[in-house]
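See below for the structure under consideration.
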Amino acid sequence: MRYENVIFDLDGVLVSTDEYHYQAWKKIADEEGIYFDRAINNRLRGVSRMASLEIILERAEKNYTQAEKEELAQRKNRYYQELLGNLTTEDTLKGVRETLAGLRKNAVHIAVGSSSKNTMRILTQVGLENAFDAIADGTEITHSKPNPEVFLLAAQKLGAKPENCLVVEDAPAGVQAGVNAGMQVAGIGEAAKVSQAAFTLQEIRDLLNIAV
Ligand code: B16
Ligand code: MG
Numbered sequence: 020m021r022y023e024n025v026i027f028d029l030d031g032v033l034v035s036t037d038e039y040h041y042q043a044w045k046k047i048a049d050e051e052g053i054y055f056d057r058a059i060n061n062r063l064r065g066v067s068r069m070a071s072l073e074i075i076l077e078r079a080e081k082n083y084t085q086a087e088k089e090e091l092a093q094r095k096n097r098y099y100q101e102l103l104g105n106l107t108t109e110d111t112l113k114g115v116r117e118t119l120a121g122l123r124k125n126a127v128h129i130a131v132g133s134s135s136k137n138t139m140r141i142l143t144q145v146g147l148e149n150a151f152d153a154i155a156d157g158t159e160i161t162h163s164k165p166n167p168e169v170f171l172l173a174a175q176k177l178g179a180k181p182e183n184c185l186v187v188e189d190a191p192a193g194v195q196a197g198v199n200a201g202m203q204v205a206g207i208g209e210a211a212k213v214s215q216a217a218f219t220l221q222e223i224r225d226l227l228n229i230a231v
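Structure follows, in structure tokens:
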């Protein structure tokens, strides 16, 4: 099967920033005395910053006001951005650059569809800011994954119909978003375990056998 368009999730698919999200949330949880572990962290993949905070606060012993929640979200983003300072061109995940080059060589259009408001900063730091035909991110959407908004926006920017797009995702919420958008989904990492994913990728390079 050949796909004319591939839309990539960012955190956990192109770049290992999912680990930085974990570390920043862990610091917040520790400061607030809230239990948090990697299993809970897996529920945050693909989910917006405020929705992630709500998941973390499920384990909190006190009720937080809206103003306190906003302060926590801002503090988390400060910690996260400090960690992003370490990102270099070495931090794209294994096989990403050759996969993008292989798709381009075969005239497949490629886009990013990410819930993150830090998308442009991350792409710039790893040197992928000009690697895509379109970028749709958390600064442009109202509803984050599993809502399909970000993938539909990416398809619109590509001038593509949803049914001609393949989404690549590491998050269960992201797989659901792709399905909700009427797209087929290739799952990698955590998302490879999700049954709605039409394809599972052991590594990103496997995409060249599916999309080309
Ligand atoms: P930010 P993706 C998502 O990005 C992350 O997976 C998720 O953990 C994060 O909370 C969300 O972006 C918002 O990120 O705080 O930077 O706006 O996986 O959709 O690329
Ligand atoms: Mg992700």
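My numbering puts the sequence shown at residues 20 to 231. Don't be surprised by glycine CBs; every beta carbon is placed ideally from N, CA and C.
| Check | Outcome |
| --- | --- |
| Which residue or residues does DSSP assign as beta-bridge partners of G132? | A155 |
| For D156 versus L29, is the C-beta distance shorter than 9 Å? | yes |
| Which residues have a Cβ closer than 6 Å to any heavy atom of the ligand MG, listed in chain order? | D28, D30, G31, V32, R64, G65, D189, A190 and G193 |
| Give me the residue from L185, A230, K212 and L220 with the minimum Cα distance to K113. | L220 |
| Quick check: the Cα distance between S133 and K81, rounded to an integer number of angstroms? | 32 Å |
| Ordered along the chain, which non-local residues of its own chain (more than five positions away) have a Cβ less than 8 Å from that of E148? | M139 and L142 |
| Mapping DSSP to helix, strand and coil, what is G114? | coil |
| Flag D49 as yes when its Cβ comes closer than 8 Å to any non-hydrogen atom of the ligand B16, and as no otherwise. | no |
| So does T143 have its beta carbon nearer than 8 Å to some heavy atom of the ligand B16? | no |
| Work out the CA separation of E50 and P181 for me, nearest whole Å. | 43 Å |
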